Amino acid sequence: MSTVVITSCDDYVSNIEPYYNMTKDTDLNQQKYVDGFVVGLQDQLSYTIDDLTVNAGGLSDELLFDMRNSQATFSSYQNTDNGTPMDAEEAGGMFTASHELRQLSDTLIYRIKNLIAFSDSAVYRRGLYNADIYGGLGKYFLAAYFGMDQTTGGSPMNIGRFVPSAQLYQDAIAKWKEAITLTTSAYEKKLANSLIARAYLFLGDYANAATYVQLGLVKGDNPLTGKYNATNDNLWRGSAGEVRTQFSVDPRFYTYLTKDPTESARIIITQRTGTGGFLFYRQLKYIMQPDKVTVTPIEVIDWQENNLMKAELVVRGAMAGNALALINEVRASRIDATTKLPVSALATGTTITLADPVTTTSYSIFVERDKELMLRGNRLIDQRRFGKMHIAGMWQNFPISAAEKARNPLWNQ
Amino acid sequence: MFKLRAAYGESGQLPSNTDGLPLMYRTVAGGAGSGIMFNMMGNPQIEPERIKEFEVGIDAEFLNMFSLELTFYRSDATKSIVRSAFAPSTGLGGYTFPYNVGSVWGQGLESLLQFNPIRGADYDLNLSLIWNYQTNEVRDLGTTTQILTGFENVIKPGLPKYQFYDYKVKGATFNADGTYKGVDATPTYEDLGSNPIPKHTGSFTLNFRFLKDFQLYAMAEWALGHHAWSYTIRRAIAAYSYMPYLKLRQNLGIAMPTIIVTNKVQVDAPTYTVGTPEYTDAANQYAKMNSSYYANFIYPADLLSIREVSLSYNFTDLVRTFMPTSYISNVQGGFTVRNAFKWTKFPLDPEVNTGGGDLSTSSSEFATLPQPRTYNAWLRFTF
């Protein structure tokens, strides 16, 4: 006996309507959506910068991973602290996020210039200004925090060849310079100038840094920040703060406080006890606010940093000015929430150096930046450029992610 | 009875309902407010997978106590749908994208042998053996050279689907003075020669009724020829909680981590002289425990499990004898042991994994409790 059965079906749903909670790219080519894209860039900055600054702190001598603190368990953080970050867990998320920030910006620029018909030129300029600011930050992050090996900073772009940090900084500068031409707001111009000055400073181009820093943010200007709330938390709280302290703050910050208690206005830490009486220090700068909704933002750049850049450029001889006064202006702006006291001023006549050891009569930019810019991702860059890496022969940036290496054969060419 | 079977069929898998969509955006309520951001990236060119499968087999009964089913199959899948992320440098590395991959070939053998040597009113013995074998190979990915998927897996021409793929640790490197320096690993991801899908799977079942009302049941399962990845051991090493690792540190004279010293953990192992074969061997073993290299934690996961052993007694005749007017129609009682024994090459339990306990999908396990051995005494009434 034999049986032959034939059945067939060759049909399938080939087209469906989009979900109500998402929209096709092409449906967004309207002027009214530009401001929403700008907020998207701001949100992506927030998603990116907390991860970057926590890990950069870990790779630098700013943060400490020690298992005598029982909350320190992640091997990825341990590798980072040891100066041996791997290319998977350690680098993957923030490398992807930095590129996404750049890509969101590039996509918005293309959309604005080619796909949207504008009736309001102010929206056109606002959109492009912000796309340039945030796209520049994406490139800046890639320049400042990633590299193909321990010391060669940079990143591949668009599944293409490796672009060195110097070029990425220049690309970011070009974007920020274009941004200046797109706004009439004095504040927005100053913000872009500060970003440009910082990139030039990190490039070692002190003449250009001096030019732009003098056009940058001044006392009273708002900082550019990454913003957080209860549902979009700041990673500092969960990885190096009040929720969980995988990374603790280096003990030298406690020493800063004991030498000058007024430093509590900007060095906000608390002492904890771990295994065997081990003392470690938890940062409380980034916290959930009493309203249980907002979380402390991260400063991307502020006028205080601009002042310190000026002070450094004065010491480097790139511009005229009073480095001591610039530093003291910053210190006076930091007020302790409890004592209402500012950080004490440096004594008149104190010599300001770049990175010499602090004495009773001299003080260094390197140390002041350590205190003022703590937990903002700057320490790693400062250690590199001042030649003060704390672990010799180890990674001075994060490796290109394994996901990139596996998909991009040009990543190191 | 002898029956020869043959069949040919074509089937496939449809794309998911969003696979065919283009780049989509969504509104995200972030810290800065509600902004428009990427949501997902589909592939408007996605097509259904097509699988062509031919099988031939026999069904046979012989000696009035054996039955045998044998099936050989061969399948060719084209346009299989696989999701993979873009390179991060595109800015879309956080999103996966559905591909139609070129061609995946597979074949296997499925067998069932049943043996019923005793059949009677008071005694009945049934034995059943299932043994399946499968192999497959990715033949073509079109213009794509490889697709990374899952945790440590790749889809790449010439390799079975989901082959483990990562940096391969070859051993240790040494300083000029002969002391341990670090890990000697390949500079790129490589085929690790292992796969999470078992080549052989099967089971054996015994069902024996004796003295009319007693029933003995036992079932064993096995899976052979696959590997699994242990995140648990990696984490234990990273947290200095794995004694073999600490002993190797001691062998190499590497200072113990502060936490081990603080907690006064006793590590009983000799310290070898630099340059001796013992030192070199320990150094190579130490490199292969480096927690930064995932490939170090892929282990053979061959498994044999006595899944269940049960002995029961049917009290129904007794009930009918002593309680003839009872509404109870059936009473059984017994004792069952589940997960009675397990033998595996894997250092932990390969059946606990991040995708749930399943022999066919074991590929990674992390800090979940093994399936417990349970003992159950039970009494069942039917009214």
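Sequence order for the protein chains is G and X. Here the first sequence stands for residues 23 to 435, numbered as in the working numbering. Here the second sequence stands for residues 7 to 389, numbered as in the working numbering. Every residue gets a Cβ at the ideal spot worked out from N, C-alpha and C, and that includes glycine. These figures come from a predicted structure and were not determined experimentally.
Quick check: the Cα distance between residue i and residue j, rounded to an integer number of angstroms?
i: A221 (chain G); j: D243 (chain G); result: 20 Å
i: R407 (chain G); j: R391 (chain G); result: 13 Å
i: G363 (chain X); j: E357 (chain X); result: The predicted position of G363 (chain X) is uncertain, since its pLDDT is 48 and thus under 50; no value can be drawn from it.
i: A245 (chain X); j: R356 (chain G); result: 39 Å
i: H233 (chain X); j: K294 (chain X); result: 16 Å
i: T445 (chain G); j: I387 (chain G); result: The shown model of chain G, from 23 to 435, leaves out residue 445 (chain G), and the question about it has no answer.
i: W417 (chain G); j: Q172 (chain G); result: 4 Å
i: E351 (chain G); j: K332 (chain G); result: 12 Å
i: K187 (chain X); j: A261 (chain X); result: 14 Å
i: D57 (chain G); j: T70 (chain G); result: 20 Å
i: L20 (chain X); j: G399 (chain G); result: 47 Å
i: T129 (chain G); j: K85 (chain X); result: 30 Å
i: D197 (chain X); j: P376 (chain X); result: 29 Å
i: I4 (chain X); j: V240 (chain G); result: Given that chain X is displayed from residue 7 to residue 389, the structure contains no residue 4 (chain X) and the question cannot be resolved.
i: F372 (chain X); j: L397 (chain G); result: 32 Å
i: R240 (chain X); j: A110 (chain G); result: 14 Å
i: T367 (chain X); j: S143 (chain G); result: Because the pLDDT at T367 (chain X) is just 49, under 50, the model does not fix this residue reliably, and the value given afterwards should be weighed accordingly. Approximately 57 Å, taken between the alpha carbons.
i: M341 (chain G); j: L335 (chain G); result: 6 Å
i: M201 (chain X); j: F170 (chain X); result: Sequence inspection shows Asn at residue 201 (chain X); the Met mentioned does not correspond to that position. When rounded, the distance between both Cα atoms is 6 Å.
i: I291 (chain G); j: Y292 (chain X); result: 38 Å
Give the interface partners of residue i over in chain G, defined as CB-CB distance under 8 Å, in chain order.
i: T96 (chain X); result: H121, Q125, N180, I181
i: P28 (chain X); result: K46, D47, T48
i: M46 (chain X); result: M44
i: Y237 (chain X); result: Ordered by position in chain G, no residue passes the 8 Å Cβ test against Y237 (chain X), which lies about 10 Å from the chain.
i: V2 (chain X); result: Given a span of 7 to 389 for chain X in the structure shown, any question on residue 2 (chain X) remains unanswerable.
What first and last residue would you give for the alpha helix (DSSP H) that runs through residue i?
i: H121 (chain G); result: 111 to 132
i: W198 (chain G); result: 187 to 204
i: F59 (chain G); result: 56 to 81
i: T373 (chain G); result: No alpha helix (DSSP H) holds T373 (chain G); the beta strand (DSSP E) holding it covers 373 to 375.
i: N289 (chain X); result: Checking the sequence, you will find Ala at residue 289 (chain X) rather than Asn. It spans 283 to 293 - the alpha helix (DSSP H) in which A289 (chain X) sits, taken as one unbroken run.
i: W325 (chain G); result: 325 to 337
Quick one: does residue i have its CB under 8 Å from some CB of chain G?
i: N302 (chain X); result: no
i: P166 (chain X); result: no
i: Y79 (chain X); result: no
i: V62 (chain X); result: no
i: Y248 (chain X); result: no
i: L354 (chain X); result: no
i: G37 (chain X); result: yes
i: G362 (chain X); result: For G362 (chain X), the pLDDT reaches just 49, beneath the cut-off of 50, and the residue's location in the model is therefore unreliable, leaving the point undetermined.
i: L365 (chain X); result: At L365 (chain X) the pLDDT is 42, less than 50, meaning the model places this residue with poor confidence; the figure from the coordinates comes in the next sentence. No, because no Cβ of chain G sits closer than 8 Å to the Cβ of L365 (chain X).
i: S297 (chain X); result: yes
Could you spell out where the beta strand (DSSP E) holding residue i opens and where it closes?
i: E59 (chain X); result: 56 to 68
i: W258 (chain G); result: Premise fails: W258 (chain G) lies in the alpha helix (DSSP H), 257 to 262, not in any beta strand (DSSP E).
i: W384 (chain X); result: 380 to 388
i: A91 (chain X); result: 72 to 91
i: A342 (chain G); result: No beta strand (DSSP E) holds A342 (chain G); DSSP gives it neither H nor E.
i: L309 (chain X); result: 309 to 320
If the cut is a Cβ gap below 8 Å, which residues of chain X does residue i touch?
i: F59 (chain G); result: G41, I42
i: E426 (chain G); result: A93, P94, S95, G99
i: Y308 (chain G); result: What Y308 (chain G) touches in chain X: nothing, since even the nearest Cβ is about 12 Å away.
i: N254 (chain G); result: A35, G36, G37
Whose Cβ in chain G lies nearer than 7 Å to the Cβ of residue i?
i: Y1 (chain X); result: The question about residue 1 (chain X) has no answer, for chain X in this structure spans 7 to 389.
i: L147 (chain X); result: Residues of chain G passing the Cβ test: none, with the nearest at roughly 13 Å.
Please report whether the beta-carbon of residue i lies at a distance below 8 Å from any beta-carbon of chain X.
i: G62 (chain G); result: yes
i: Q311 (chain G); result: no
i: K135 (chain G); result: no
i: F117 (chain G); result: yes
i: T297 (chain G); result: yes
i: Q172 (chain G); result: no
i: Y303 (chain G); result: no
i: S68 (chain G); result: yes
For a contact defined as C-beta to C-beta under 9 Å, what are the partners of residue i on chain G?
i: S311 (chain X); result: Ordered by position in chain G, no residue passes the 9 Å Cβ test against S311 (chain X), which lies about 31 Å from the chain.
i: A346 (chain X); result: Near A346 (chain X) there are no residues of chain G at all, since even the closest Cβ is about 35 Å away, more than 9 Å.
Using the beta-carbon of each residue, which ones in chain X are nearer than 7 Å to residue i?
i: Q100 (chain G); result: A244
Give me the chain X residues within the contact set of residue i, using Cβ-Cβ distance strictly less than 9 Å, ordered along the chain.
i: D441 (chain G); result: This structure leaves residue 441 (chain G) out entirely; chain G is present only between 23 and 435.
**Message:** Give me the subset of the stretch 253 to 272 of chain X whose CB atoms are less than 8 Å from a CB atom of chain G, sorted by chain position.
**Reply:** The stretch 253 to 272 of chain X vs chain G, Cβ under 8 Å: P263, T264, I265, T268, N269.
Review point. Got a sec: which bits of the stretch 190 to 217 of chain X sit with their beta carbon under 9 Å from any beta carbon on chain G, in order along the chain?
Key: Taking 9 Å as the Cβ-Cβ cut-off against chain G, the residues of the stretch 190 to 217 of chain X that qualify are T194, Y195.
Inset, instruction - May I ask you to list, following chain order, the residues of the stretch 225 to 249 of chain G that have a beta carbon less than 8 Å from some beta carbon of chain X? - result: Cβ contacts with chain X: G248, K249.
Exercise for the section: Closer than 9 Å, Cβ to Cβ, to anything on chain X: give me those residues from the stretch 405 to 429 of chain G, in chain order. Expected result: Within the stretch 405 to 429 of chain G, the residues whose Cβ lies closer than 9 Å to some Cβ of chain X are I422, S423, A424, A425, E426, K427, A428, R429, listed in chain order.
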